[in-house]
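Asks: Dropping a structure here in structure tokens format, bear with me for questions.
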Amino acid sequence: MTALPHAGRTAGNPIPVGTIRVGRLRKRAEFLRVAASGKKAAAPGVIVQTRRVDAAVPHLDAVADLWLGITCSRKVGNAVKRNRARRRLREAARVVLPRVAASGQDYVLIGRVETLTRPYAALISDIEGALRRLGVAQTGESR
RNA sequence: CCAGAGGGCCAGGUGGCCGCUCUGCCCACGGGUUAAUCCCUGGGGGCAGGGAGGAAAGUCCGGGCUCCACGGAAACACGGUGCCGGCUAACGGCCGGCGAGGGCGACCUCAGGGAAAGUGCCACAGAAAACAGACCGCCCGCCGCGGGUAACCGCAGCAGGUAAGGGUGAAACGGUGCGGUAAGAGCGCACCGCGUUUGCUGGCAACAGCAGCGGCACGGAAAACCCCACCGGGAGCAAGACCGAAUAGGAGUGUUGCGCCUGGGGCAACCCAGGCAGGCCCGUUUCCGGGCUAGGCACUCGGGUUGGUCGCGCGAGGCGUCCAGCAAUGGGCGUCCCAGAGGAAUGGCCAUCGCCCUGCGCAAGCAGGGUACAGAACCCGGCUUAUCGGCCCUCUGGCGUA
RNA sequence: CGGGGAGUAGCUCAGCCUGGUAGAGCACCACGUUCGGGACGUGGGGGCCGGAGGUUCGAAUCCUCUCUCCCCGA
């Protein structure tokens, strides 16, 4: 496990054991780092990029097990459409990532035009499938 | 009832599960510090409360706020606005009025100063396109030729008169009628139109009405240059302020090099202070004025970038009511505190009820589809553009009934 | 978010300031040249000037609104 030590998680802490904290990518440089040196997988509703965390380069949002950033280009539509695509992806990622995604990785979800109209269940399976193809999915049943 | 005009308002509701962000309070914990507490800081949990718009949009104007330039002055230049009056912090905005155009009407539209300050333009066509001018034509006179008994007719030329007719054009120097004439012509007259730096009346004014005057002179275009009047310093919250890594650039010291003059110091190289000259900058010019201005090498100290904090929401504020005003708007009183994110929250999924359209059905209803435009990014006042539909008020025209 | 710039032929650009005829190069087509192709020569076609209004007799050009694209300020 290359995840940074979870500062608040010690014996006697009321946080349930196994809770994963998802940090956020905050700056353009962090997104570019994932895009430049990471792997990517495309699904109808989403494009996923990922990169193993380099401990020498700290995140702005420091205390977390894995980091997530969501983005949308102007091709998706106007500001309302981009916001909706980001919100749907964030909601789906909130459900999927702690259960499936490996720790110690950066993840970037990129919205597409289909993200707006794709059914919610399909969006979730899109993310899971992409993570599996990238080889960063947990073995599932072990958790 | 149908068709239409003007103005205002709304921007789906309810419920369930799971979430986001800010503020306040509480709880346990980690890190720093300490002997310990306190304190600082970090990510969590719980409870309560707040959480997108009429356009948040385009960024087309006007302000607040911040920094820079702010010492003026004059002229120039540049940009903008343009009937009159009012409102406003200000505006290119709004309100009221005037004029012009459109509509049966309610109403709508208008960058709506100046073309007798100047420069330039008006292609093609046409004789001529802007101090007018004359192609065809019409008319008088003279001369020549031909015909005719003659009156006179025809043709060609010369010198004049004319702007009625022809045709061109987007536009041709008023229109109609009568008189007049060799033919004509505002040449004269009547009416209409036009102009008016004339007077009177009304109006703060734009302007309107009446009278007079002018025979009519003044083509269009200033969204061509321009003139006149008025307004305008530049940049923008990525402004700006503060805290502050790693790596490359600045200040001090030493050394080397470097225009002139004066004074001081030093044995000297040289250093310090002042002035002058040169160069650059303050939009341009002028006058004064101000600022900056010397490289290379070695050694010591302060800034900026990444990042963080502030700016950052009590405001030309919202709601209600009264008063002044035709209105825009202003004033008084009461009451309320109402988003603050930062790859950027204000949501995701589901159920159900509304609303609209289409089809089926006698009906109850059923099925299908639709439910817009669009997301705060320092704030405010406007303008413009996008928008499924619904509601309310006032008014106009037509038809019908009483 | 703020500041600036550009839309004209299939492509790259002139023309706009100073309004009346849209032009150049490459590309395309035909013919010639060649045994054939390329190159070369001659000739030709092709643009409602991003869209909508307005000013004007007349707009690619002037004015207003709008759409799209590009650049700059982390």
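Following our numbering, the numbering of the first sequence begins with 1 at its first residue and continues without gaps. Cβ coordinates follow ideal geometry from the N, Cα and C atoms, glycine included.
(1) Quick test of your reading: Val46 and Thr115, contact by CB under 8 Å. State the CB separation rounded to the nearest angstrom.
(2) Quick one: give me the first and last residue of the alpha helix (DSSP H) that Ala101 is part of.
(3) Assign Val53 to one of three DSSP states: helix, strand, or coil.
(4) Using only the alpha-carbon positions, how far apart do Ala29 and Val76 sit?
(5) Following the continuous alpha helix (DSSP H) through Leu134, name the residue where it begins and the one where it ends.
(6) Between which two residues does the alpha helix (DSSP H) carrying Val34 extend?
(7) Among residues of its own chain, excluding the 5 on either side of Leu123, which ones have a beta-carbon nearer than 6 Å to its beta-carbon?
(8) So, with DSSP's three-state summary, where would you put Thr115?
(9) Ala85 by DSSP, collapsed to three states: which one?
(10) Quick one: give me the first and last residue of the beta strand (DSSP E) that Leu66 is part of.
(11) In whole angstroms, give me the CA-to-CA distance for Arg51 and Arg82.
(12) Can you tell me which of the three DSSP states Leu97 falls into?
Replies: From the atom records:
(1) Right, their Cβ atoms sit about 6 Å apart.
(2) No alpha helix (DSSP H) contains Ala101, which DSSP labels as neither H nor E.
(3) coil
(4) 22 Å
(5) 120 to 134
(6) 28 to 37
(7) Gly45, Ala92
(8) Thr115 sits in a helix when the DSSP states are folded into three classes.
(9) Ala85 falls in the helix class under three-state DSSP.
(10) 66 to 72
(11) Between the alpha carbons of Arg51 and Arg82 lies a distance of about 24 Å.
(12) helix
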